[in-house]
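Heads up, the numbering used here is the position in the sequence shown plus 1, with the first residue counted as 1. Think of the CB as a built atom: it goes at the ideal place given N, C-alpha and C, for glycine as much as any other residue. Everything numeric in this text was worked out from a predicted model, so none of it was measured. Let me begin by presenting the structure, written as structure tokens, before commenting on it.
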Amino acid sequence: MTFDPDFGKKGFARDLFRLRFRRLRIEQPAFARRFGLTFGMIKDQEQSRAKPSKAFKVLVAAIELDPALIERAARIAEERWPDERAANLTKPDIADGVGDVPEAIASVFA
């Protein structure tokens, strides 16, 4: 018997998992960074913990059609309109005095 990592997944959760894991072959944090999303959002959607919004469904469909274009759009959006919440996490007073938080960790809390 072969292990099937998407066994038990269905609907949108299965489709998102297959896109990320089977087609793009990247981990959840990398998928989130690449397309301007959060790790928690991807994890919750793949585990069916949250119901996807219409906008999120459209975004995933667009990623299926042209991942490179959506990655480029995510970079442009971040350059034009940076996420101030993630930027604020690197400030020592907001990070409970621990100093600079690496960007990869800050993106998890975005």
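Buried or exposed (CB count within 10 angstroms, at least 16 for buried), Q48
exposed
Between the Cα of V59 and the Cα atoms of D16, A78 and R26, which residue gives the shortest distance?
D16
Say whether chain B places a C-beta atom closer than 8 Å to the C-beta of F40.
The structure shown contains no chain B; it holds only a single protein chain.
Please go through the same chain and pick out, in chain order, the residues whose beta-carbon is closer than 8 Å to the beta-carbon of Q29, but skip the five residues on each side of it.
R21, F40, I43, K44 and E47
With distances taken from CA atoms, which of F13, R81, A56 and A75 is nearest F32?
A75
At 3 residues or longer, what runs of the beta strand (DSSP E) sit wholly inside the region 50-93?
none
Proximity of R23 and E72 at Cβ, strictly below 8 Å:
no
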